[in-house]
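Chains as they are written, first to last, in our numbering: chain U, 40 to 355; chain S, 86 to 312.
Since the structure comes first, as C-alpha cells, the remarks are kept for the end.
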Amino acid sequence: MFKKLIVIVLVLMVPAGFLFANGGSGAESSNLMVIITPDKDNTFFTAEADAAKAMAESLGYETLMVVHGDDPNAESDIIDTAISQKAVAIIIDIANADASPNNLRRATDAGIPVFCMDREINVAGIAKAQLISDNFQGAQLGGEYFVELMGEKGNWVELVGKESDTNAGVRSQGYHSIIDQYPDMKMVARETANWSQTEAFADVESILQANPDVKGIICGNDTMALGAQAAAEAAGKGDIIVMGFDGNDNVLDSMLQGKIAGTVMQPNALNAEMAVQLADKFIKTGSTGMDQEKILNGCFLIKPSDADKWRGFKKL
Amino acid sequence: MRRYSGPLFIITIILCTLIISACTIVKIGEEETEGDGEYSTWTKTGTGFQAREYVESIWEDKLIPIYEEQAVDYVTLMTALEENRQAGIDQYGLTRQTGEPFYIFKVRGTARVMEFDDSSRNGVIRVDHEPVDGVADAVLQVGPVLRGTAIRDSVEFIRFTDIGNQLQFAELAKELNNRMRVDSIDPINLENIEGKQIMFLGAFRLDKDQELEEVVVTPLVLEIRPE
C-alpha cells in the first residue's frame, strides 16, 4: 500500500512540477511528445524509453518522460497531464490491457493521437498505431530451442512474469503450446516470480530443494532467468538449462560466459522508434501511412553463438 | 477491479484538487459498452475470434485455390534462389514486414520419399524431386509436432490487424496446422512412406540470413501418388 502511495504521489508530482514551471497552461503551439513507460528499474523498459526519447528528439520534439508503475490510476493521471500540456502525441507502453483503453480514449477525445508500443490494447480505433513484439512467436522460438536443448525429455520448471501484464500470459501460453506437445517433458513446478530477479532466485532455490532432478528452467523474462541461473549455480547445479526472454545485455553476457543457455530478442528499440516515427508522420501529414493499426514485429532466437551480435536490444 | 481505499483516496483527491484542477478521476471498474461507432472492438460479439470456424470458412474456398494458382515448382524456386537470392525473392516470395522482413514461398512438388525421420516429435520426411538422383533435396515436416506459422503467413488476405491480438493470431496458425494434419497427414501411413512418390502443395518461411539448406516445408496438401 505504502509503495502504491509513493508511486501515485510521485506521478502527481511530475505534472505538478510542470504546471508550476509553465504557469499552468500548455503552450499554444506545443511540440511535446509525452513518452510513458512502465518502469524505471527494468533495463527493458529503460531501453524502450531511451530509444523513443532519442528518436523524438532527433525529429525535433520536446519530450516528457513518465512511468506509470503498471498502475492504471497513475496512467490516468499522466494522460490528464498530457492533455493539459496539449501534447502533440502520446507514446505509451500501457499499464493494463483492460483499463488502459479508457484512459487512452480520453486523450484521443482531447485530440491527442496515441501510439502504443510493446503491450497491445484490444480495442480498435483508439491508437493510431500499435507497435507490438510478437511475444507468442518469440515464446514459441524459445520453447522450441528449450525442447531441443532438453533432448525432448526431462523435468522442467517455468517461471512466469507479473500476472497483470498480458505478455506474461502470452509468453507462458507460447511456451506451453510447444513444450506440451512433448510427452516426455515433465513440468515439475510453475511459479510466478513477477519479473523479479530476487524472487526468481528464492523460488528456484526452494524448487530445487524439493525437486533435485530439474534439468531445465524456462523463464518469462531475462531478469528472472538471471535469478534462476544464479540460484541453480548456488545449489551446485550450474548445468541446468536456463532460458530467458527479452535479450537484455546482462543475459547476453551470461550466455557468452556459458551460463544462461538462450534468450529471445524482442525488437524493443525498433518498436519504440517506429512508434515515434509514425507519430511524427501522423502529426505532419494526418496519416501514419500504414494500412493497419497493429504492426507485429517478430522476435529472434538468440543462441550463445549470436550473443555478441546484439546490444541494447539492437543488432550491431 | 481495484478501487481507491480510504486514505489513498483522500490524499489522491486532495492532490488532484490542489494541483490539477482539470483532473478527473476515472473509476477503472466502469465498463463502457462498446458500440458500433468509432471505437469498434476486434471482439465485437464478446466471444472473440473463432479460429477453427474461420479456418473452416477459408480452407476449401480460399486457401487451397490460392495455392493451386500461385504455388511455384519447388526445384524451379530453389534454383532461382541459389542463382540470385534477391531476384528469386522478388519474383516468387511474399515479403512480410515485421521489423526484419522475412519471406514466405508457396511451393508445389512431385518427389520420391527417401527417408521418414521421427527421431524428433517434429518428424520430417526427406524427399528427392524429379529428376530423381538419389539425393534428398527437400525436407517436409509431418509432425506430430508441427512448427511455425508458414501456412498462416503465406497469404496476404490473413492480416494480424484483422484477426485481433497475438493469442488469436497464434491460435489461427495452430488451427491451420491442425487442419492440415487432419486432412493431409493423418490419412497417410508414414511408417511405409519411404520409397513412395508424393505430390505436395506447401509453404516455407525464409529469414533474411537463413541458409537455403535449413528450409523446412510445411505441407498444405500431401498425397501419395499411385505407382
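Here a beta-carbon is modelled for each residue, glycine too, at the ideal position from N, C-alpha and C.
Just so you know, these numbers come straight off a predicted model, no measurement behind them.
A direct Cα-Cα distance of roughly 8 Å separates MET263(U) from GLU238(U). Residues of chain S with a Cβ closer than 8 Å to the Cβ of GLY213(U) are, in chain order, ALA255.
Apart from sequence neighbours up to five positions away, the residues of its chain that approach ALA235(S) with a beta-carbon distance below 7 Å are ILE189, ALA288, PHE289, ARG290, THR303, ordered along the chain. Note on the region 130-155 of chain S: whole alpha helix (DSSP H) runs with a minimum of 4 residues are 136-143, 149-155, in chain order. For ASP292(S), the uninterrupted beta strand (DSSP E) run begins and ends at 282-292, by DSSP. For HIS214(S), the uninterrupted beta strand (DSSP E) segment begins and ends at 209-214.
Each of VAL300(S), ARG310(S), LEU305(S) was checked against the Cα of MET163(S), and the nearest Cα belongs to VAL300(S).
Contact of ARG206(S) with chain U is assigned, a C-beta pair being separated by under 7 Å. Annotated three-state conformation of PHE201(S) is strand, per DSSP. Runs of alpha helix (DSSP H) with 4 or more residues, each lying fully within the region 73-104 of chain U, are found at 82-97, listed in chain order. Using a Cβ-Cβ cut-off of 7 Å, ASN174(U) counts as an interface residue toward chain S, since at least one Cβ of chain S sits closer than that to its own. Straight across, the Cα-Cα distance linking LEU247(U) with ILE279(U) is about 11 Å.
Closest in C-alpha terms to GLU308(S), from the list PHE134(S), LEU286(S), GLU298(S), comes LEU286(S). At a C-beta separation below 8 Å, LEU335(U) has these neighbours in chain S: THR183, PHE245, GLN251, PHE254.
From the beta-carbon of SER216(U), the residues of chain S found nearer than 8 Å are ALA255, LYS259. In this structure, VAL243(U) lies near ALA270(U), with their beta-carbon atoms less than 7 Å apart. Taking 7 Å as the CB threshold, VAL230(S) lines the interface with chain U. DSSP places MET282(U) within a strand segment (E or B) once states are collapsed to three. Only residues of its own chain outside the window of five on either side were considered, and among them GLN124, LYS125, ALA126, VAL127 have a CB closer than 7 Å to the CB of SER69(U), listed in chain order.
The shortest C-alpha to C-alpha distance from GLN155(S) to any of ILE210(S), ALA258(S), LEU166(S), GLU241(S) is the one to GLU241(S). In this structure, ASN260(U) lies away from ASP223(U), with their beta-carbon atoms at least 7 Å apart. Here DSSP, grouped into helix, strand and coil, assigns MET226(U) to strand. For LEU98(U), the CB contacts under 6 Å within the same chain, skipping 5 residues up- and downstream, are ASP319 in chain order. Residues ARG290, THR303 of the same chain have their beta carbon placed closer than 7 Å to that of GLY233(S), with the five preceding and five following residues left out of the count. Under the rule that a run must span 4 or more residues, the alpha helix (DSSP H) segments found entirely inside the region 275-324 of chain U read 288-295, 307-324. The C-alpha of MET94(U) lies about 7 Å from the C-alpha of GLN316(U).
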